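First to last, the protein sequences are chains W and G. The working numbering numbers the first residue of the first sequence as 10 and each following residue consecutively. The working numbering numbers the first residue of the second sequence as 10 and each following residue consecutively. One structure below.
Number of protein chains: 2
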Amino acid sequence: MAESIISTNQTNADRISAALLDDIINGKLAPGQKINEPALARAYRVSRGPLREALRHLEGLHLIRRTPRTGSRVVTLSRAELVEIYQVREAMEGMAARLAAGRMPDEEIRAIQTLLEQHQRQIEDNAGREYFQYEGDFDFHYRIIKNSGNDYLVNLLCGELYHLIRMYRLRSARIAWRPQRALAEHQMILNAIRDRDGEYAEILMRRHISTARKNLEQEYLNEADNL
Amino acid sequence: MAESIISTNQTNADRISAALLDDIINGKLAPGQKINEPALARAYRVSRGPLREALRHLEGLHLIRRTPRTGSRVVTLSRAELVEIYQVREAMEGMAARLAAGRMPDEEIRAIQTLLEQHQRQIEDNAGREYFQYEGDFDFHYRIIKNSGNDYLVNLLCGELYHLIRMYRLRSARIAWRPQRALAEHQMILNAIRDRDGEYAEILMRRHISTARKNLEQEYLNEADNL
DNA sequence: ATACCCTTATTTGTTGACAATATTCAAAAA
DNA sequence: TTTTTGAATATTGTCAACAAATAAGGGTAT
């Protein structure tokens with residue numbers, strides 16, 4: 010595997026960077042939490058040098074915010090900021106769907122079809138376990154994006170934007186999530202790609218994400234009422 | 010000014026980061042050039058610690074590429090990669106223009122109108138000095154983006170994507186650049202924004218960038234013929 | 001009780017040194 | 001002449017210690 014080769018060549022700073030990314034996304038490092046460099050360095054068994062390089066990297070991914078001479082904190086994404094991200098996501102992923110429709114190999118389309126059928130079974134089997142359904146949602150979107158053929162776009166979405174969305178997901182139990190409806194929309198998008206109808210695939214993808222964004226905005230307004 | 014306050018509080022790593030960014034964009038650090046950490050550190054009068062933090066930051070901006078244990082180089086953007094970036098830019102800036110049409114203050118529209126009239130005079134006065142016309146082009150686009158109201162989008166375009174474009178501009182003397190035509194398109198976009206017609210502003214902006222992208226693709230093909 | 005100052009302790013930013021790895025270059029072998 | 005080998009050289013990654021700044025704590029005055 011390429012990954013094992015890479016990981017052996019990786020530096021400590023790279024490894025810590027990946028570990029911290031994981032801990033932030035999975036909530037082990039909570040939003041708003043202060044980063045204590047000496048403590049973190051001890052916890053990860055490295056010195057502050059590589060740790061600080063890792064922190065600079067995560068700062069670039071907008072996962073931590075740093076204030077000179079006072080320290081870093083894990084970012085706390087407001088719902089308004091998430092809405093902004095969804096707005097960007099809508100434009101970018103719509104484009105990804107259009108491009109993918111023009112170049113995704115037939116066998117990849119079949120593979121994603123199989124994925125969607127798995128999701129259908131998951132929804133029927135364990136209606137309560139939302140976590141895996143979230144992950145399934147991400148799986149679908151990642152595979153569309155990766156088949157866009159635009160590496161800059163792939164990196165932007167999978168390497169930056171999606172980290173923020175995944176991070177937010179954890180502490181928004183209230184977020185509206187209708188797996189059955191999402192799956193139906195995924196199926197329609199895949200059908201458009203299968204028919205090589207890029208224009209339609211883009212429209213469907215934009216609607217799909219736009220719906221999610223509007224739910225977010227709606228909950229934002231409800232939230233404001235309750236204050 | 011806010012900047013002076015920030016700059017006094019900035020760390021060395023932040024200052025070097027900004028200086029390196031500048032040097033890369035202005036060609037003092039050429040594309041493909043190897044980064045020699047001890048030499049660079051001496052040149053900027055800092056130790057390797059802050060320098061390496063700055064390099065991690067620039068790596069996140071895709072301005073340098075690092076290979077573990079062998080070092081970093083200033084990125085060399087292929088024309089194909091630039092085309093990918095323009096493709097993303099088309100979607101993002103189209104969106105920015107649409108959003109800006111809905112919320113740009115009237116006085117800001119008038120200010121940009123004044124800017125365009127300056128550009129017209131610049132084109133008439135010194136037909137040869139392309140540099141300033143490039144910068145004028147950037148000025149226009151920056152101001153539309155900054156009025157989109159979406160901070161994530163602003164940071165993505167002005168803080169990441171545009172650095173790469175500005176960097177490429179230097180070593181592409183052959184790049185097609187028709188200032189008079191670009192200015193006419195700028196004027197149409199601003200008119201659409203003035204009329205609060207976001208949909209039309211988006212279409213015009215997309216066409217504007219799409220034209221530039223197609224020129225790039227065309228030159229890419231010509232280049233391939235000459236190999 | 002609250003606000004303020006001063007001392008103490010912690011944390012950040014930075015440095016120079018060291019070990020491990022990669023690169024260079026010259027001599028030897030094919 | 002080209003390739004290969006191996007020592008010497010340079011560079012990267014890492015660490016521990018130091019200086020400067022910030023945060024914390026305790027006592028005093030209001």
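Glycine is no exception: its CB is placed at the ideal position from the N, C-alpha and C atoms. These numbers were taken from a predicted model, which means no experiment stands behind them.
At a cut-off of 9 Å between beta-carbon atoms, leucine 213 of chain G makes no contact with chain W. Ranked by Cα distance from alanine 201 of chain G, the first of G:Tyr161, G:Asn135 and G:Arg107 is G:Arg107. Contact of glutamine 122 of chain G with chain W is not assigned, every C-beta pair being separated by 9 Å or more. Taking 9 Å as the Cβ-Cβ cut-off, the region 152-172 of chain G approaches chain W at Gly158, Asn159, Asp160, Tyr161, Leu162, Asn164, Leu165, Glu169 and Leu170, given in chain order.
With a contact defined as Cβ atoms closer than 8 Å, leucine 72 of chain W and histidine 172 of chain W qualify at about 6 Å.
Residue contact with chain W for proline 77 of chain G: present (Cβ-Cβ distance below 9 Å to some residue of chain W). In this structure, proline 59 of chain W lies near asparagine 21 of chain W, with their beta-carbon atoms less than 9 Å apart. In chain G, no part has a C-beta under 7 Å from the C-beta of threonine 220 of chain W; the shortest such distance is about 18 Å. Distance from the CA of glutamine 96 of chain W to the CA of alanine 105 of chain W, rounded to the nearest whole angstrom, comes to 14 Å. Uninterrupted alpha helix (DSSP H) stretches at least 4 residues long and entirely within the region 85-141 of chain G occur at 88-112 and 115-134, given in chain order. Chain-ordered, the chain G residues with CB closer than 9 Å to the CB of valine 97 of chain W read Met101, Met104, Asn159, Tyr161, Leu162 and Leu165. Under the criterion of beta carbons closer than 8 Å, glutamate 99 of chain G and serine 219 of chain G qualify as touching, at roughly 6 Å. Against chain G, the beta carbon of glutamate 90 of chain W has neighbours under 9 Å at Asp160 and Tyr161, listed in chain order. Judged by DSSP in its simplified three-state form, arginine 82 of chain W adopts strand.
In this model, tyrosine 143 of chain G and glutamine 196 of chain G are separated by some 16 Å (Cα to Cα). One finds Arg65 and Gly69 in chain G with Cβ atoms closer than 7 Å to the Cβ of histidine 66 of chain W, taken in chain order.
Chain-order list of chain W residues neighbouring asparagine 18 of chain G: Pro77 and Arg78, by C-beta distance under 8 Å. Residue contact check for arginine 61 of chain G against chain W: a CB pair falls below 9 Å. 9 Å or more divides the Cβ of histidine 128 of chain W from the Cβ of phenylalanine 147 of chain W. With respect to chain W, the C-beta atom of alanine 50 of chain G has no partner C-beta closer than 9 Å. When W:Arg205, W:Ile94 and W:Gln42 are compared, the shortest CA-CA separation from proline 114 of chain W is found for W:Arg205. Listed in chain order, the non-local C-beta contacts of leucine 125 of chain W below 8 Å within the same chain comprise Phe149, Leu192, His195, Gln196 and Leu199, local neighbours out to five positions each way being set aside. For the set W:Lys223, W:Pro188 and W:Tyr53, the Cα lying nearest the Cα of isoleucine 132 of chain W is the one of W:Pro188. When DSSP states are grouped into helix, strand and coil, threonine 20 of chain G belongs to the coil group.
Residues of chain G with a Cβ closer than 7 Å to the Cβ of glycine 58 of chain W are, in chain order, Gly58. Beta-bridge partners of isoleucine 73 of chain G (DSSP): G:Val83. From the listed residues G:Arg78, G:Val92, G:Asp23 and G:Ile121, the smallest Cα separation to isoleucine 174 of chain G is found for G:Val92.
With a beta-carbon spacing of about 6 Å, cysteine 167 of chain G and tyrosine 151 of chain G fall inside the 8 Å limit used to define contacts. Chain order gives no chain G residues near isoleucine 118 of chain W, where near means a beta carbon separation below 9 Å; the closest approach is about 22 Å.
Lysine 43 of chain W sits in a strand when the DSSP states are folded into three classes.
The Cβ atoms of alanine 50 of chain G and serine 56 of chain G sit closer than 9 Å to each other.
Using a Cβ-Cβ cut-off of 8 Å, aspartate 206 of chain G is close to nothing in chain W; its nearest Cβ partner there is about 19 Å away.
Excluding sequence positions up to five before and after glutamate 62 of chain W, its CB lies within less than 6 Å of the CB of Ala22, all in the same chain and listed in chain order. In the structure shown, leucine 38 of chain W falls within a coil segment according to DSSP collapsed to helix, strand and coil. Glycine 168 of chain W sits in a helix when the DSSP states are folded into three classes.
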